[in-house]
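**Q** Questions regarding the structure given below will be posed in turn.
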Amino acid sequence: MTTSHQALARIVDTCQPNSLVVCGETAGEVGQHWYKHHPSSTVISMDVYAPNAAFPLAATQDLALVTGTLENISHEEGGILLGHLRNYGTHQIAVVVDPEQGWDFKDFIGLGFRRQAELDDDGIKRALYTYNIDNYNHKRAWNNPKNWANPEMWGKAWW
């Protein structure tokens with residue numbers, strides 16, 4: 002079974018980010034390893050116990066890695082963190098969480114995340130959830146000018 006470190010390293014390698022936000026020990030290690038081999042990239046570290054203090058970020062980042070953070074803050078603060086990262090902070094997000102610590106599948110699905118894997122960190126079961134702005138909302142066949150009530154207005158008026 003894959004560890005958190007391996008899963009996050011694979012995500013970073015696949016994403017090839019120019020800018021990275023990290024929060025948590027494992028996320029920080031993966032981020033620093035990436036920076037060591039890609040010094041032109043930027044890595045922003047967030048405090049595990051007060052991650053929302055980092056907002057607003059100066060610019061939208063390519064990727065955020067979050068580990069060992071949601072377990073250390075209230076559920077409300079965690080929701081705010083994920084919402085900020087999703088809506089204003091990053092294009093992609095990877096979160097590793099211990100499901101026994103109060104965060105479950107429904108919490109992440111409600112925020113548009115997908116469950117990617119179950120991880121094993123020295124006998125501790127963790128779950129990996131990801132969010133990607135480019136593919137979280139799939140195209141629907143009916144959402145086009147042909148099926149629109151007023152096809153002549155498609156793409157012209159936003160209300």
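Each residue of the sequence shown is one higher than the one before, starting from 2 at the first, in the numbering used here.
From the three backbone atoms N, C-alpha and C, an ideal C-beta is built for every residue, glycine too.
When we look at the beta-carbon of G25 and count the other beta-carbons within 10 Å, is it buried (16 or more) or exposed?
**A** Per the 10 Å Cβ criterion, buried.
**Q** Can you list, in chain order, the residues of its chain whose CB lies under 6 Å from that of N6, leaving out five sequence neighbours each side?
**A** The sequence shown places His at residue 6, rather than the Asn named in the question. So the qualifying residues of the chain are T27.
**Q** For the alpha helix (DSSP H) containing T15, list its first residue and its last residue.
**A** That run of the alpha helix (DSSP H) goes S5 to C16.
**Q** Grab the span of the alpha helix (DSSP H) containing L27 for me, first residue to last.
**A** According to the sequence displayed, residue 27 carries Thr and not Leu. Start and end: E26 to H38.
**Q** Taking the runs of the alpha helix (DSSP H) that are 4 residues or longer, which of them lie wholly in the region 66 to 149?
**A** Correct list: 76 to 85 and 106 to 110.
**Q** Could you tell me the distance, in whole angstroms, from the CA atom of N148 to the CA atom of H85?
**A** Each residue's alpha carbon lies about 34 Å from the other.
**Q** Across which residues does DSSP place M47 in a beta bridge pair?
**A** Its beta-bridge partners are C24.
**Q** Quick one: is W155 buried, meaning 16 or more other Cβ sit within 10 Å of its Cβ, or exposed?
**A** When all chains shown are included, W155 counts as exposed.
**Q** Which word fits A8, buried or exposed, when buried means at least 16 other C-beta atoms lie within 10 angstroms of its C-beta?
**A** Looking at its Cβ environment, which holds 16 or more other Cβ atoms inside 10 Å, A8 is buried.
**Q** In whole angstroms, give me the CA-to-CA distance for A10 and G113.
**A** So the two alpha carbons sit approximately 22 Å from each other.
**Q** Going by the beta-carbon positions, is the gap between V49 and L21 smaller than 7 Å?
**A** The answer is no: Cβ separation not under 7 Å.
**Q** How about Q117 and T91: do their beta carbons lie closer than 7 Å?
**A** No, Cβ-Cβ distance for Q117 and T91 is not below 7 Å.
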